[in-house]
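Enquirer:
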Amino acid sequence: MRRLIVLLLAATCSFAVTATAKEGDGFQPLFDGKTMEGWSGNPKFWTITDGAITGITTPDSVTEGNTFCVYKDEFEGDFELMFDFRIEGHNSGVQYRSFRLEGAADEWRIGGYQADMDAAKQWAGTLYGEKFRGILAKRGERAVLGEGPAPKKKGALARKVESLGDPEELGKKINDYPEWNTFKVVAKGYHFQHFINGTLMIDCTDNDKENRRNKGLIALQLHQGPPMKVQFKNIKIKQAK
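Numbered per mature numbering (1 follows the signal peptide of the UniProt record, and there is no 0), the sequence shown spans residues -21 to -1, 1 to 220.
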């Protein structure tokens, strides 16, 4: 009996140390896994299902324009943002350093940097500018914005681009629905990296001084168009000290 008690105490201490280490990794949870506390989205589309923030559209319930579930606080400066996602149909993304659109139909319209994802895995991993200059770095690109050859289209963004990998091969690192994927965004100054399941998908430096941003909102996207379902969980952020 004494030996059993000792073993149980040792196991309890070991668990406590592990839990403390996990809590001490510097990440702040943004989602409690149970409620929408801290988040605001159109309740017609956003709910909590299976311990995840879930956005759904159907043929009978569509969104006119992209709509977002928005976190209450802005974040400024360097950070690492991590979340798990899975998507069934169409396209979605997670906004960061983002802003509310002026004159929009409601409070859930957002623009800014986006960690892109889609069910077909064509765009997943891309850095997209939602209402914010369009495609900034496609999956497999190392891009510098505001530099490089002058774009042919008037008003388009100049980009200097190198390859960091084959986009199709990188896409194979992304799990199909209903499996989950882990997305990590690293923002240091105006240098951004997107990782999915530990694999680097894009590397982008924003030297477009007129438009780049160093603070803003975090938001989850539900895309207009075909019916879709997207889920997010384990959403957390670590800010630079």
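Just so it is clear, CB atoms sit at the ideal spot from N, CA and C, and this is done for glycine as well.
If you draw a straight line from the alpha carbon of G12 to that of T161, how long is it in whole angstroms?
Expert: One C-alpha to the other measures close to 16 Å.
Enquirer: Would you list the residues sitting across from M96 in a DSSP beta bridge?
Expert: In the DSSP output, where bridge partners are listed per residue, M96 has S71.
Enquirer: From the DSSP output, in three-state form, read off P22 for me.
Expert: In this structure, P22 counts as coil in the three-state DSSP scheme.
Enquirer: Residues in its own chain within less than 7 Å of P157 by CB, not counting five upstream and five downstream?
Expert: Taken in chain order, the residues that qualify are R65.
Enquirer: Quick one: what's got a C-beta closer than 7 Å to N190's C-beta in the same chain, skipping five residues either side?
Expert: Contacts found: R112.
Enquirer: Tell me which same chain residues have a C-beta within less than 6 Å of the C-beta of G108, skipping the five on either side of it?
Expert: Cβ within range, chain order: L115.
Enquirer: Check for me: the beta strand (DSSP E) holding L124 runs from which residue to which?
Expert: Segment 120 to 124, the beta strand (DSSP E) holding L124.
Enquirer: What is the DSSP secondary structure of E147, reduced to helix, strand or coil?
Expert: Correct three-state label for E147: helix.
Enquirer: Looking at the unbroken beta strand (DSSP E) that takes in T178, where does it start and where does it end?
Expert: It spans 178 to 185 - the beta strand (DSSP E) in which T178 sits, taken as one unbroken run.
Enquirer: Using the three-state DSSP reduction, which class does A103 fall into: helix, strand or coil?
Expert: Residue state, collapsed to three classes: coil.
Enquirer: Which of the three DSSP states, helix, strand or coil, is assigned to E59?
Expert: Reduced to three states, the DSSP call for E59 is strand.
Enquirer: For V(-16), count neighbouring C-beta atoms within 10 Å of its own C-beta (all shown protein chains included) and say buried if the count is 16 or more, exposed if not.
Expert: For V(-16), the pLDDT reaches just 41, beneath the cut-off of 50, and the residue's location in the model is therefore unreliable, although a value from the coordinates is still provided. The residue is exposed, with fewer than 16 neighbouring Cβ atoms inside 10 Å.
Enquirer: Give the single residue among D29, F47, V73, W159 whose Cα lies nearest to the Cα of D95.
Expert: Comparing Cα positions, the closest option is V73.
Enquirer: CA-CA distance, M15 and E120?
Expert: Using only the alpha carbons, I get a separation of about 35 Å.
Enquirer: Out of E126, N193, A122, L199, which one is the CA nearest neighbour of I181?
Expert: If we check each option's Cα against that of I181, A122 comes out closest.
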